[in-house]
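One line per chain: the protein sequences are A and B, in this order. According to the working numbering, the first sequence is numbered sequentially starting from 8. According to the working numbering, the second sequence is numbered sequentially starting from 5. Every residue, glycine too, gets a C-beta built ideally from N, C-alpha and C.
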Amino acid sequence: GENVEQHPSTLSVQEGDSAVIKCTYSDSASNYFPWYKQELGKRPQLIIDIRSNVGEKKDQRIAVTLNKTAKHFSLHITETQPEDSAVYFCAASKGTSTGTASKLTFGTGTRLQVTL
Amino acid sequence: SAVISQKPSRDICQRGTSLTIQCQVDSQVTMMFWYRQQPGQSLTLIATANQGSEATYESGFVIDKFPISRPNLTFSTLTVSNMSPEDSSIYLCSVGGEEKLFFGSGTQLSVL
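Shown next as structure tokens:
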């Protein structure tokens, strides 16, 4: 089955700096790669996702890049703020031909701390 | 995105007992998933619950321990049976909408 590795496990940055979290996946059939943010005691929240036919996607201060050949994808957060502090999970799935949701395999998580 | 209600939000149970967790969605969804998140860990898929068919369990999870019901397109239950302290986790239901998955608020289970 799919295996998703995520690095680093913890990341501390100063407010205003950029943060990068990297993931690799094993199954070349995977074609959908979401990122979730989980604050303490709360549910995981989808923050951005990318499909295999796209190399990069941006949404304000966050962006995701995908390298299908190398089977890795990354989350980039620019101009970090204290409210970005949370645990971030990458995930991968094969999707379906009809575009409906498919099960996700999650990475191990990155605890991001943004310090003042 | 769909509104996903999960209950109970938390419970403390004695070993050997069972707990049923409910997941209610405000719209019809084809795919529902149950995940477990052990303390400080990532999310692990327990099973996929499809309406009108048996749930599909992932390796390491069995129906006798985690029976699932999916009576219609807006509701599912997960039962944690014959609980032990190792079952102490957060259990999350997740629903799919056009490839994206969204999570319920979770059930924090502590087994004494």
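According to the neighbour-count rule (16 or more other Cβ atoms, all chains shown, within 10 Å of its Cβ), is L73 (chain A) buried or exposed?
-> Counting from one through the first sequence, the residue named residue 73 (chain A) turns up at place 66. L73 (chain A) is buried by the Cβ-count criterion.
Taking Cβ-Cβ distances below 9 Å as the criterion, which residues of the region 45-57 of chain B are in contact with chain A?
-> The residues in question are Q45, S46, L47, T48, L49 and T52.
DSSP on E90 (chain A), reduced to helix/strand/coil?
-> Residue numbering aside, residue 90 (chain A) sits at position 83 when the first sequence is read from its first letter. Helix.
Can you grab the Cα-Cα spacing for the pair K110 (chain A) / S100 (chain A), in whole Å?
-> Translated into the one-based positions of the first sequence, residue 110 (chain A) becomes position 103. Translated into the one-based positions of the first sequence, residue 100 (chain A) becomes position 93. If you take the alpha carbons of K110 (chain A) and S100 (chain A), they lie about 6 Å apart.
When B:E58, B:I72 and B:I67 are compared against Q4 (chain B), the one with the closest alpha-carbon | Nothing can be reported for residue 4 (chain B), as the shown portion of chain B is limited to 5 through 116.
Under 7 Å Cβ-Cβ, which residues of chain B neighbour D149 (chain A)?
-> Residue 149 (chain A) is absent from the model: chain A starts at 8 and stops at 123.
Are at least three pairs of beta-carbons, each pair with one atom in the region 89-105 of chain B and one in the region 34-43 of chain B, less than 8 Å apart?
-> yes
The region 97-112 of chain B: positions lying closer than 9 Å to chain A by Cβ | Flagged, chain order: S98, V99, G100, G101, E102, E103, K104, L105, F106, F107, G108, S109, G110 and Q112.
Can you grab the Cα-Cα spacing for the pair Q88 (chain A) / A70 (chain A), in whole Å?
-> Numbered from 1 along the first sequence, position 81 holds the residue referred to as residue 88 (chain A). Numbered from 1 along the first sequence, position 63 holds the residue referred to as residue 70 (chain A). Roughly 15 Å between the two C-alpha positions.
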